[in-house]
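S.K.: Protein chains in written order, with the numbering used here: chain A, 3 to 141; chain B, 282 to 783; chain C, 863 to 1007.
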Amino acid sequence: MQASILDLDYVLGHYNYWMFVILMMTGLYITVSRGNLIKKIVGLNIFQTSVFMLYISMGKIIGGTAPILVDNPDAVYSNPLPHVLILTAIVVGIATTALALALVVRIRETYGTVEEDDILAMEHEMEFGSGLPQGGDRG
Amino acid sequence: MMALIETNLPALQVVLPLVAAPLCAMLGRGSRSWAFATIVSWLTFLIALSLFTKTFGGTIISYEMGGWAPPVGIEYRVDVLNAFVLMIVSGMAAIVLPYARRSVAAEIPAERQSFFYTAFLLCLTGLLGVTITGDAFNVFVFLEISSLSTYALVASGAWRNKRALTAAYNYLIMGTVGATFFVIGIGMLYMVTGTLNMADLAVRIAAHGDSSTVHMGFVFILIGIGLKLAMFPLHLWLPNAYSFAPSAVTAFLAATATKVAVYVMLRFMFTVFGFDYEFQAATLEMVVLPLAILAMFAASLVAIFQDDLKRMLAYSSVAQIGYILLGLTFLTDTGLTAAIIHLFNHAVTKGALFMVAGCYVLMAGTSSISSLRGVGRDMPWTTAAFVVAGFSLIGLPLTVGFVSKWYLVLAALELGWWPVALLIMASSLLAIIYVWRVVETAYLQSAPEGTVRKEAPLSMLIPTWVLVAMSIWFGINAMTTSAAASRAADMLIGSSQILWED
Amino acid sequence: MEHHSILRVISKLLIPPIILYALYVQWHGDYGPGGGFQAGVVFAVAFILYSLVYGVDALTKIVPPRLLHAFAGIGVLIYAGTGIVTMLLGDAFLGYNALAHDPVHAQEWGIIIVEFGVGVTVASVMMTIFIAFASHNPPLKDQDW
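#1: Assuming Val359 of chain B is part of the beta strand (DSSP E), what are its boundary residues?
#2: Return the chain-ordered ranges of every alpha helix (DSSP H) run that is complete within the segment 57-125 of chain A and spans a minimum of 4 residues.
#3: What would DSSP say about Asn959 of chain C, mapped onto helix, strand or coil?
#4: Quick check: the segment 417-431 of chain B against the segment 458-471 of chain B, are at least 3 beta-carbon pairs closer than 8 angstroms?
#5: Just tell me which of B:Ala579, B:Met497, B:Val583, B:Pro571 has its CA closest to the CA of Phe554 of chain B.
#6: Confirm, please, whether the CB-CB distance from Met988 of chain C to Ala906 of chain C is below 8 angstroms.
#7: Looking at the C-beta of Ile946 of chain C, does it have a partner C-beta in chain B at a distance below 8 angstroms?
#8: I'd like the span of the beta strand (DSSP E) that includes Ile342 of chain B, first residue to last.
#9: So Leu847 of chain B packs on Phe683 of chain B, CB below 8 angstroms; how close in whole Å?
#10: Do Phe326 of chain B and Ala364 of chain B come within 8 angstroms of each other at the CB atom, strictly closer than that value?
#11: Indicate whether at least one CB of chain B lies closer than 8 angstroms to the CB of Gly141 of chain A.
#12: By DSSP, does Asp491 of chain B sit in helix, in strand, or in coil?
#13: Grab the span of the alpha helix (DSSP H) containing Ala759 of chain B for me, first residue to last.
#14: Which two residues bound the contiguous alpha helix (DSSP H) that contains Asn289 of chain B?
#15: Counting only Cβ pairs nearer than 7 angstroms, list the residues of chain B close to Asp953 of chain C.
#16: For Ile286 of chain B, collect the residues of the same chain with a Cβ closer than 6 angstroms to its Cβ; drop the 5 residues on either side in sequence, then sort them by chain order.
#17: My guess is that Tyr523 of chain B and Ala536 of chain B are in contact by the Cβ rule of under 8 angstroms, so how many angstroms apart are they, rounded?
#18: Along chain B, which residues have their Cβ under 7 angstroms away from the Cβ of Tyr57 of chain A?
#19: Please confirm if the segment 599-607 of chain B is in contact with the segment 570-590 of chain B, defined as three or more CB-CB distances below 8 angstroms between the two stretches.
#20: Have a look at B:Val701, B:Leu634, B:Gly608 and flag the residue whose alpha-carbon is nearest the alpha-carbon of Ser685 of chain B.
#21: Give me the Cα-Cα distance between Asp659 of chain B and Leu748 of chain B, rounded to the nearest whole angstrom.
#22: Along the segment 299-332 of chain B, where does the CB come closer than 8 angstroms to a CB of chain C? Name the residues.
#23: Express the C-alpha separation of Leu606 of chain B and Ala665 of chain B in angstroms, rounding to a whole number.
#24: At a CB-CB cut-off below 8 angstroms, which residues of chain B make contact with Ile121 of chain A?
#25: Quick check on the burial criterion: 16 or more other C-beta atoms within 10 angstroms. Buried or exposed for Thr647 of chain B?
#26: On the criterion of 16 or more Cβ atoms from any shown chain inside 10 Å, does Ala920 of chain C qualify as buried, or is it exposed?
#27: Taking 8 angstroms as the CB-CB cut-off, is Glu356 of chain B touching chain C?
#28: With DSSP as the reference, please indicate the residues paired to Ser649 of chain B in a beta bridge.
#29: If you run the structure through DSSP and keep just helix, strand and coil, what is Asn999 of chain C?
#30: Would a check of beta-carbon distances place Thr39 of chain A closer than 8 angstroms to chain B?
#31: Assign Thr414 of chain B to one of three DSSP states: helix, strand, or coil.
#32: So if DSSP puts Asn478 of chain B in a beta bridge, which residue, or which two residues, is it bridged to?
#33: What is the DSSP secondary structure of Asn38 of chain A, reduced to helix, strand or coil?
#34: Here's the rule I'm using: 16 or more other beta-carbon atoms within 10 Å means buried, otherwise exposed. How should Thr67 of chain A be labelled?
#35: If distances are taken between C-alpha atoms only, which option among B:Ser709, B:Ala692, B:Arg734, B:Leu742 comes closest to Ser767 of chain B?
#36: Count Cβ pairs between the segment 871-889 of chain C and the segment 958-966 of chain C that sit closer than 8 angstroms; are there 3 or more?
As structure tokens, then:
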């Protein structure tokens, strides 16, 4: 059952998972490391896309057709359930992206920038520059 | 007609606020949509109440969505645990909404208020949906419905303070990463079992036994939900989101959103993975337990040094979530009872405290502790509510906070973990410090000259005092809540032990 | 005023087939690939294309944002309303079987109605999102970026 990680067939045979891992790590890295709020959203989208790939590729059956009923009784269908789930997840993703972009537009209007460092500096100024005795918050 | 409503109660629980949300947006003017949302929240509370009375005896209500039988169709499954959580969520909405009218009127422009209440109802829909559903993917969908409306609600604090925008943005990024982790975890479990129904998942995972895919699924779900419920090192979104959201939103979120996430965690840990899943037990003891204790101390320490009342309470929430997680990691009946009862007790206490903070924001124009000097004389009822709810937060006897701590300490001593019991008591001392800071400023310092502060309006005081009264009532009369909590704990343990027997 | 005449002509040629295709995807969703989500997006794309060429103001003249907000709500109400009707008819929420005498027809009708609701909401939400972003006055001009 437990095949060796060094077995080439094993590694290549699971290429869809490698793609998933690469996309996921790319997306997560961009989300965490970029200071530009728009780029963070791009990273988040890549991250979510990796999940779509994970689901869709696991629903695929080798030799299976699209899950639409055909006359041939011996036809092999791919699993349609992951498709349905991912349709929902995509819609959720669109809603998230739209909301995030709307927030960025508002942030840009009120702060005049979409760079996280500048925003943090401004917020620090707002919090500590007013001369009020403040606690040890690091935001 | 009554019979028809009665058989469809689980669906109505979610459908009612869902249908009400677009209607609320169409109503236009603020006061009308407020009245509508309030009535809807009361009706949802009645539904939750009747579901709770039905399931209290141990019956499990299963409702087949669209008439498709589980595990193929989506199943709404109500047992005593989630009926209890449904009651907390809808009850808090029913109490917060009457309170919200004055507070929202001051913080949100009139033409936006109907959208505010729409988002509030959608958030309620999502939270109730997460709680009631028996389908793992459906949990994700409802979790995102509630989260997306929560981001919008947090951002609507921008009319008072522009930092609400960045708070909402950061919450959105972390919340979405959390939700995506969660859905990856569900994908892993689906790969192994081919099912999404939670009861079915439990049976099939137990039959399948352990494997690295199940491990990964568990870890992804743990981290994903950990982000949503602000488990200690993943709590960074919480303080800003709670400080800058409109007061009514903070009160509602603090009492419900993290609680529902904890419920999802309980459900996955103990119904899906099962009580006897060894990898889970090891993770809880080696990772979650130290983090929970760290949260109790680190977050409380940070709370002591906050100047903003709402931010202080937000850090205290992170610490309180530590208590809940601690109860969970004991993996005993008493520990789980403590965790479940603290869900309720913390919702009541923290809801009341954030409502008091909202009264200060409205009447004194600020929630900064240093500018609340002498407020105890100007706003006696509000400040008295803070004191009583603060006692409950510390865990003094005769309050609900004491009941939770009692069960927690009991659970720790049952296992012979007396250092943990000592730590629980020590961390309560930290709560005394930060609550005392506010009490001292409010009563013992004299008000700065020229401040005009009036008592909060009755429409805000009454809901606040209802929660304060509950925190006393259920502190003295702990039988009802602890009976519900211990039955829920028994149910969780009982259902999973059958599966992993062999 | 007569700039971009190629764009104008091509888009006028494209918009009717796009809408037609959206309707095809919508009404064939019950027994083929398709359905409300896809149809709604395709339908909205026709309008978005129109506004890209003729400007957002031209679009809001045809579909005012207030109307779109109302339609977004109405779509949800159609969906949930179907569920409530099936409940009143004695079946579960969205249990289509109660809608007609034999289950096959009932399922088909139920799916068509529900997908119509989905389509209405998705189309109006997509257009709302587009209008919200496109009609937003930038605080700075393009060259200041």
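Ideal Cβ placement from N, Cα and C applies to all residues, glycine included.
M.R.: To lay it out plainly:
#1: First-last of the beta strand (DSSP E) with Val359 of chain B: 356-359.
#2: With a minimum length of 4 residues, the continuous alpha helix (DSSP H) runs that stay inside the segment 57-125 of chain A are 83-113.
#3: If DSSP states are grouped into helix, strand and coil, Asn959 of chain C belongs with the helices.
#4: Contact check between the segment 458-471 of chain B and the segment 417-431 of chain B: three or more CB pairs, one atom from each, fall below 8 angstroms, which counts as touching.
#5: Phe554 of chain B has its Cα closest to that of B:Met497, out of B:Ala579, B:Met497, B:Val583, B:Pro571.
#6: Pairing Ala906 of chain C with Met988 of chain C gives a Cβ-Cβ distance under 8 angstroms.
#7: Yes, contact with chain B.
#8: Its beta strand (DSSP E) spans residues 342-345.
#9: Coverage of chain B is limited to positions 282 through 783, which leaves residue 847 of chain B absent and any answer about it impossible.
#10: Taking 8 angstroms as the Cβ cut-off, Ala364 of chain B and Phe326 of chain B do not qualify as a contacting pair.
#11: At Gly141 of chain A the pLDDT is 41, less than 50, meaning the model places this residue with poor confidence; the figure from the coordinates comes in the next sentence. Chain B contact via Cβ: present.
#12: Here Asp491 of chain B carries a coil assignment [DSSP, helix/strand/coil].
#13: That residue, Ala759 of chain B, is in no alpha helix (DSSP H); it is neither H nor E in DSSP.
#14: From DSSP, Asn289 of chain B is part of no alpha helix (DSSP H); its letter is neither H nor E.
#15: Chain-order list of chain B residues neighbouring Asp953 of chain C: Gly348, by C-beta distance under 7 angstroms.
#16: Cβ contact annotation for Ile286 of chain B (same chain, cutoff 6 angstroms, sequence separation greater than five): none.
#17: Wrong, their Cβ atoms sit about 11 angstroms apart, outside the cutoff.
#18: Neighbours of Tyr57 of chain A in chain B, taken as residues at a C-beta separation under 7 angstroms, are given in chain order as Gly468.
#19: In short, these stretches touch, since the Cβ pair count reaches three.
#20: Cα-wise, what sits closest to Ser685 of chain B is B:Gly608.
#21: Rounded to the nearest angstrom, the two C-alpha atoms are 22 angstroms apart.
#22: Residues Leu299, Val300, Ala302, Pro303, Leu304, Ala306, Met307.
#23: Taking the Cα positions, Ala665 of chain B is about 30 angstroms away from Leu606 of chain B.
#24: Annotation: Cβ neighbours of Ile121 of chain A in chain B (cutoff 8 angstroms, chain order): Thr447.
#25: Counting Cβ neighbours within 10 Å, Thr647 of chain B comes out exposed, since fewer than 16 surround it.
#26: Counting of Cβ neighbours within 10 angstroms places Ala920 of chain C among the exposed residues, the total staying below 16.
#27: Using a Cβ-Cβ cut-off of 8 angstroms, Glu356 of chain B does not count as an interface residue toward chain C, since no Cβ of chain C sits closer than that to its own.
#28: According to DSSP, Ser649 of chain B bridges with B:Asp589.
#29: Asn999 of chain C: coil per DSSP, three-state reduction.
#30: The amino acid at residue 39 of chain A is misidentified as Thr; the sequence shows Leu. Closer than 8 angstroms to some Cβ of chain B, the Cβ of Leu39 of chain A qualifies, so yes.
#31: Secondary structure at Thr414 of chain B: strand, using DSSP grouped into helix, strand and coil.
#32: B:Asp416, per the DSSP bridge assignment.
#33: In the structure shown, Asn38 of chain A falls within a strand segment according to DSSP collapsed to helix, strand and coil.
#34: Counting Cβ neighbours within 10 Å, Thr67 of chain A comes out exposed, since fewer than 16 surround it.
#35: It is B:Ala692.
#36: Between the segment 871-889 of chain C and the segment 958-966 of chain C, the count of C-beta pairs closer than 8 angstroms stays below three; the two stretches do not touch.
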